[in-house]
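Just remember that my numbering sits 2 ahead of the position in the sequence shown, which is counted from 1. Ideal placement from N, C-alpha and C gives every residue a C-beta, glycine not left out. Small disclaimer: the values here were computed from a predicted structure and weren't measured. Accompanying notes for the structure given below.
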Amino acid sequence: MTEILCVGLTTIDITYRTPTVPSVGKKTQATSASLSFGGPAANAAATAAAMGLAVTLCSAVGNGPFADVAVAELAKAEVELLAARSAAQLPISAVTICDDGSRTVVSANGINELPAEPSTLVEVTRSCKVVLVDGHYPELALAALQSARAAGIPTVIDLGSWKDSLPMLLPYCSIAIASADFSVPGSSIYEYLFAAGIEFAAVTNGESEIVWRDAHGAAGHVCVPQVRAIDTNGAGDVLHGAFAAFLSRGAEAVTALEQAAVLASESCTRFGARIPAAAALHFGGRQQ
């Protein structure tokens, strides 16, 4: 049975490691290169799976050789793929990781794609403990969120950037975790989210503390463990996946955020957005 359902983007990430940020108009020699799946929902799903949870990812992977790579890598990560039919090519991201851990990303996120809803999406949703969406493929997200809300299942949204579909999705979400880059039209983030029906909201800011508030007036912050970062790409996705995992085990939102921050910081000490199962269990705790 699925414990966590992630709905959203899967990409192919082509990642280069370079000593410094590449200069415009110059050729840069990478020290290494890798190819794997990425995307907020896919990375979050892989994190929760590494923590020992049964995870299903509803996403579009399209056709062609890159789709085959993504499907194979998701299976290796023990993520069950619920594929939404799409004729489009799988989105590709070019990622550069510098020696200081900073990153640059150029991505095509499939924002104009409308993949078909899998026939079993509602059934899978109603069997899980937590639904996590990243705002990509909003029709898929809406179907899952509506079903989850009707069944009383906690719903979490990853707010990396503003998307025009958010006013449609937010009323069905109970928890929102936003990045410092996220902004809303005409008001503060918290005011906007609480007006939309969010019950608990948090804003992350890299290695700085995470600030949270709830709809009842409580507020606080979560300290982020300081580490020697060598790769920050995907750390936010790890945070979201770990948060959903801890929430599914019965943790309160603040506790889940505190525990997820530990795992996200640990992910920055390794190359890639994958957390090995041994590390996930050590830093993320064993399933109760």
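Can you name the start and end residues of the beta strand (DSSP E) that residue i belongs to?
{"i": "glutamate 82", "result": "81-85"}
{"i": "leucine 134", "result": "132-135"}
{"i": "threonine 1", "result": "For the chain, the structure presents residues 3 to 290; residue 1 sits outside this window and is missing."}
{"i": "threonine 58", "result": "57-61"}
Find the nearest neighbour of residue i within the set the options, judged by alpha-carbon distance.
{"i": "methionine 170", "options": "Ala152, Gly137 and Thr127", "result": "Gly137"}
{"i": "glycine 64", "options": "His218, Gln91 and Leu7", "result": "Gln91"}
{"i": "glycine 154", "options": "Ser176, Ala145, Leu172 and Leu144", "result": "Ser176"}
{"i": "serine 109", "options": "Asp183, Thr20, Pro42 and Leu76", "result": "Pro42"}
{"i": "tyrosine 174", "options": "Gly236, Ala72 and Glu201", "result": "Glu201"}
{"i": "leucine 116", "options": "Gly10, Pro21, Asp70 and Ala50", "result": "Gly10"}
{"i": "threonine 22", "options": "Thr106, Ile179 and Phe68", "result": "Thr106"}
{"i": "alanine 48", "options": "Ala72, Phe68 and Ser36", "result": "Ala72"}
Rounded to whole angstroms, what is the Cα-Cα separation between residue i and residue j?
{"i": "tyrosine 192", "j": "lysine 28", "result": "43 Å"}
{"i": "alanine 52", "j": "leucine 265", "result": "11 Å"}
{"i": "valine 205", "j": "phenylalanine 39", "result": "26 Å"}
{"i": "glycine 199", "j": "proline 187", "result": "16 Å"}
{"i": "threonine 122", "j": "serine 149", "result": "12 Å"}
{"i": "glutamate 260", "j": "arginine 215", "result": "14 Å"}
{"i": "serine 88", "j": "alanine 46", "result": "22 Å"}
{"i": "cysteine 130", "j": "proline 24", "result": "44 Å"}
{"i": "alanine 152", "j": "valine 132", "result": "13 Å"}
{"i": "arginine 288", "j": "glycine 54", "result": "Model confidence at arginine 288 stands at a pLDDT of 49, short of 50, so the residue's coordinates are unreliable; what they give is reported in the following sentence. Cα to Cα, arginine 288 sits roughly 8 Å from glycine 54."}
{"i": "alanine 77", "j": "glycine 219", "result": "42 Å"}
Which of the three DSSP states, helix, strand or coil, is assigned to residue i?
{"i": "glutamate 211", "result": "strand"}
{"i": "leucine 283", "result": "helix"}
{"i": "tyrosine 18", "result": "strand"}
{"i": "alanine 182", "result": "coil"}
{"i": "phenylalanine 273", "result": "coil"}
{"i": "valine 23", "result": "coil"}
{"i": "glutamine 31", "result": "coil"}
{"i": "aspartate 233", "result": "coil"}
{"i": "threonine 157", "result": "strand"}
Quick check on the DSSP output: the alpha helix (DSSP H) that includes residue i runs from which residue to which?
{"i": "alanine 110", "result": "No alpha helix (DSSP H) contains alanine 110, which DSSP labels as neither H nor E."}
{"i": "phenylalanine 248", "result": "237-250"}
{"i": "isoleucine 191", "result": "191-197"}
{"i": "valine 126", "result": "123-129"}
query: Would the segment 153-173 and the segment 244-253 be scored as touching if the rule is three or more Cβ pairs under 8 Å?
result: Touching, yes, given that three or more Cβ pairs across the two stretches are closer than 8 Å.
Quiz item: Counting pairs of beta carbons, one from the segment 162-179 and one from the segment 30-41, are three or more of them closer than 8 Å?
Solution: Verdict: no, contact absent.
Stretch pair the segment 14-27 + the segment 208-219: three plus CB contacts closer than 8 Å: Touching, no, given that fewer than three Cβ pairs across the two stretches are closer than 8 Å.
task: Say whether the segment 131-151 touches the segment 255-272, bearing in mind that this needs 3 or more beta-carbon pairs closer than 8 Å, one atom from each stretch.
output: Fewer than three beta-carbon pairs drawn from the segment 131-151 and the segment 255-272 are found closer than 8 Å, and the two stretches are therefore not classed as touching.
_Using a Cβ distance threshold of 8 Å, determine whether the segment 224-241 contacts the segment 89-106, with at least three qualifying pairs required._
Here the segment 224-241 lies against the segment 89-106, with 3 or more beta-carbon pairs under 8 Å apart.
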